[in-house]
Ligand SMILES: CC(C)(COP(=O)(O)OP(=O)(O)OC[C@H]1O[C@@H](n2cnc3c(N)ncnc32)[C@H](O)[C@@H]1OP(=O)(O)O)[C@@H](O)C(=O)NCCC(=O)NCCS
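Numbering (our numbering), first residue to last: 1273 to 1433.
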């Protein structure tokens, strides 16, 4: 299978925040932001794998600032790391106040997706071509996060047994 560049699968999803997205205090509900993060991440993973991809882990999802009604919000997703069937996607969220033009980085999240075959089983994905120092740094950090996730999962499973 031919390896691909991270830029081949990058996704930018734009959403205008409206009253239906509000929480009880009039800002955008955190769950709405989480849904779009998952959607942008999943699209990025599917673009790379050219297969259906499911979310297997979400970590380090931070809410740095509130998102307001009327903001135009962009969810930018790119691949950091790929394993055999799994892929780590980083999603960054930016809210733009359409009246002032001010842009605020509101969220940063790491998600892992697994590509599935027609039987719903994990299937091998293409490799990732690393060209820049930045891409190599992201890969190393993504590999470390994935090793930490799997170690946590094994600890949890042992604790539950
Ligand atoms: C994704 C799924 C098919 C994987 O099945 P599985 O039997 O665990 O398969 P494997 O053990 O072969 O793992 C597949 C890959 O997932 C990775 N993985 C499994 N659990 C993981 C976790 N907790 N965190 C990160 N990666 C994980 C494995 O390391 C492996 O990656 P690799 O092939 O790159 O080495 C299965 O866990 C599943 O169906 N989960 C539900 C997914 C879903 O419905 N998501 C939507 C949320 S509502």
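Yeah, the Cβ is synthetic: ideal placement off N, Cα and C, and Gly gets one too.
Within the same chain, and ignoring the five residues on either side of residue 1302 in sequence, the residues whose Cβ sits closer than 8 Å to its Cβ are 1295 and 1335. Contact check between the region 1398-1412 and the region 1327-1343: fewer than three CB pairs, one atom from each, fall below 8 Å, which does not count as touching. Annotation: the continuous alpha helix (DSSP H) that includes residue 1420 extends over 1405-1432. A direct Cα-to-Cα measurement between residue 1383 and residue 1390 gives close to 23 Å. The beta carbon of residue 1323 sits closer than 8 Å to the beta carbons of 1387, 1388, 1389, 1395 and 1397 from its chain, once the five residues preceding and following it are set aside; these are given in chain order. Boundaries of the beta strand (DSSP E) harbouring residue 1377: 1375-1387, taken from the DSSP string. By the neighbour-count criterion, in which 16 or more other beta carbons inside 10 Å mark a residue as buried, residue 1320 falls on the buried side. Between residue 1347 and residue 1309, the CB-CB gap stays under 8 Å. Here the region 1411-1425 does not lie against the region 1364-1375, with fewer than 3 beta-carbon pairs under 8 Å apart. Per DSSP, the continuous alpha helix (DSSP H) segment holding residue 1304 begins and ends at 1302-1321. Residue range 1325-1335 is occupied by the beta strand (DSSP E) that includes residue 1334.
Of all alpha-carbon atoms in 1292, 1368, 1372 and 1399, the one lying nearest the alpha-carbon of residue 1358 is that of 1399.
Here residue 1394 carries a strand assignment [DSSP, helix/strand/coil]. Per DSSP, the beta bridge partners of residue 1343 are 1369. No heavy atom of ligand 1 is found nearer than 7 Å to the CB of residue 1351.
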